[in-house]
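When we follow full-length UniProt numbering, the leftmost residue of the sequence shown carries the number 1, and every step to the right adds one. The C-beta atom is built at its ideal place from N, Cα and C for all residues, glycine as well. The model shown is predicted, which means the values in this text are computed figures rather than measured ones. Worksheet: the structure to be examined is printed underneath.
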Amino acid sequence: MDSLRIPPSLSVLAPAKLNLFLHINGRREDGYHELQSLFQPVDLFDTLRFEHEACSTRQPDDVAIHLRLDPSSPVSLPAEASEHDKRSNLAFRAAELLRQHQIRMKGEDPLANAELHITLTKVIPVGAGLGGGSSDAASTLLTLNRLWNLKLPLKNLCSLGLQLGADVPFFLYQSACLAEGIGEVLTPLKLAQEHFLLIHPGCHISTPAIFGHQALTRDTPKRKIAPALRDELTASLSPLWSSKMFGNDCETVVRFQHPEVNDIFDWASAEGQTCRLTGTGSTVFIPCGPVANPESASLANRLAQKLPSAYNSRLVSGLTSGSHKL
């Protein structure tokens, strides 16, 4: 970053995601899981605001990056009690990782004469399988790469993002993607834009606890998303819901450990609706049909009105490539 130029303030959106299916194919020696998943970004967003402030007197050991949670955020963060805890936030870690990468590779500190202030407005529930923290990290990498004029290519950002979490590279693509490996082998796909009713029981589920559970299925055969199926999915996602080949391998463990999640599945079944768990939970989603069909939103609204009051619901739609801006 040019030391004489302070970048303008900028606010960006960080979308949530759904796993339209999630298959665990095996466990590696390093503890990571081989998986296949179809990631779909949706129009539920956190917002991050980036502001730079000139600072010519900061000492080398002084903090250059500051993160605060917007007090108006509808969602709180469990780890916001102290400045030390804020540094564990993925947006903070992404900014510092990118800064240190530039120092190491170019010998230049993007914040040599400035401080960065990040304000996070948290809307995506935490521990809900919606990828909010990973999305915040990806949005931070993309935005600072631009504001600091680093011009790092996507593959470099993905390599950095993977150090922060297996889902971060997906959010850097800003598109629906088929994910393989540990989540870092990504194939962008064009999917039909459909409505989903998200149902959240208000509980936080630990991803490591689910992936570490002895009862988790870890031997689902790898599925090939054939060209014919890819073509079908550009018109309708219904093949994913009608076929028994696609599901979420975490569902059985999550439903057993969290009765409130199991209750949502039972309620949806009683209503005659297909539903899926996203990620390791706790959010359950009901596919409601194409965005272009007014009946899909009407169905979601009718279901939301019948939903027991203990649960929170939200109508969202899938984002297509380029339909949101970071």
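Within 10 angstroms of the Cβ of residue i, are there 16 or more other Cβ atoms? Answer buried if so, exposed if not.
i: Q305; result: exposed
i: D30; result: exposed
i: T140; result: buried
i: P221; result: exposed
i: D167; result: buried
i: V123; result: buried
i: V12; result: buried
i: T57; result: exposed
i: S82; result: Since pLDDT at S82 reaches only 46, below the 50 mark, its modelled position is unreliable, and no value is offered.
i: Q174; result: buried
i: H84; result: In this prediction, H84 scores a pLDDT of 48, lower than 50, which makes its location untrustworthy; the coordinate-derived value is nonetheless stated afterwards. The residue is exposed, with fewer than 16 neighbouring Cβ atoms inside 10 Å.
i: T280; result: buried
i: V63; result: exposed
i: A268; result: buried
i: G272; result: exposed
i: R104; result: exposed
i: K17; result: buried
i: R255; result: buried
Since residue i sits in a beta bridge, which residues does DSSP pair it with?
i: residue 327; result: Any property of residue 327 remains undetermined from this structure, which presents the chain solely from 1 to 326.
i: L172; result: According to DSSP, L172 bridges with nothing at all.
i: S37; result: L22, A179
i: N149; result: DSSP output for N149 lists no bridge partner at all.
i: V284; result: I199, L277
i: V42; result: A16, G318
i: R49; result: S11, T119
Can you name the start and end residues of the beta strand (DSSP E) that residue i belongs to?
i: N89; result: Unbroken run through N89: none, as it is neither H nor E.
i: R27; result: 10 to 27
i: L67; result: 65 to 69
i: F265; result: Not the beta strand (DSSP E): F265 falls in the alpha helix (DSSP H), residues 259 to 270.
i: P239; result: Note, P239: premise wrong, no beta strand (DSSP E); alpha helix (DSSP H) at 238 to 242.
i: L116; result: 114 to 121
i: T187; result: 185 to 188
Return the first residue and the last residue of the alpha helix (DSSP H) that residue i is part of.
i: T207; result: 207 to 211
i: residue 356; result: The requested residue 356 is not part of the displayed model; the chain covers only 1 to 326.
i: G247; result: Looking at the DSSP string, G247 is not in any alpha helix (DSSP H), and its letter there is neither H nor E.
i: K306; result: 294 to 306
i: Q163; result: 154 to 164
i: S56; result: Element bounds for S56: n/a, residue is neither H nor E.
I think residue i touches residue j, with their Cβ atoms under 8 Å apart; what is that distance to the nearest whole Å?
i: residue 361; j: L240; result: Because the chain in this structure spans residues 1 to 326, residue 361 falls outside the shown range and cannot be described.
i: G86; j: L67; result: In the sequence under discussion, the amino acid at residue 86 is Lys, which differs from the Gly named in the question. Contact flag correct, Cβ pair sits at about 5 Å.
i: L120; j: L216; result: Their Cβ separation, rounded to whole angstroms, is 31 Å, which puts L120 and L216 out of contact at 8 Å.
i: L178; j: L189; result: 6 Å
i: P201; j: V261; result: 6 Å
i: L164; j: L90; result: 6 Å
i: N248; j: N19; result: 7 Å
i: L303; j: I286; result: 6 Å
To the nearest angstrom, report how far apart residue i and residue j are at their CA atoms.
i: I199; j: S37; result: 20 Å
i: G181; j: C55; result: 43 Å
i: I65; j: S238; result: 45 Å
i: C275; j: D219; result: 23 Å
i: Y311; j: D136; result: 25 Å
i: K244; j: F21; result: 11 Å
i: S153; j: A94; result: Ser is not the amino acid found at residue 153; the sequence shown has Pro there. Taking the straight line joining both Cα atoms gives about 16 Å.
i: G107; j: E51; result: 23 Å
i: I118; j: Q100; result: 17 Å
i: P259; j: S206; result: 15 Å
i: S296; j: L197; result: 10 Å
i: S34; j: G131; result: Residue 34 is actually Glu in this sequence, not Ser. Computed Cα separation, rounded: 18 Å.
i: F39; j: Q257; result: 24 Å
Cβ of residue i within 7 Å of any heavy atom in the ligand MG?
i: M245; result: Ligands are entirely absent from the displayed structure, and the ligand MG is therefore not among its contents.
Quick one: does residue i have its CB under 8 Å from some CB of chain C?
i: I65; result: In the structure shown, chain C cannot be found, because there is only a single protein chain.
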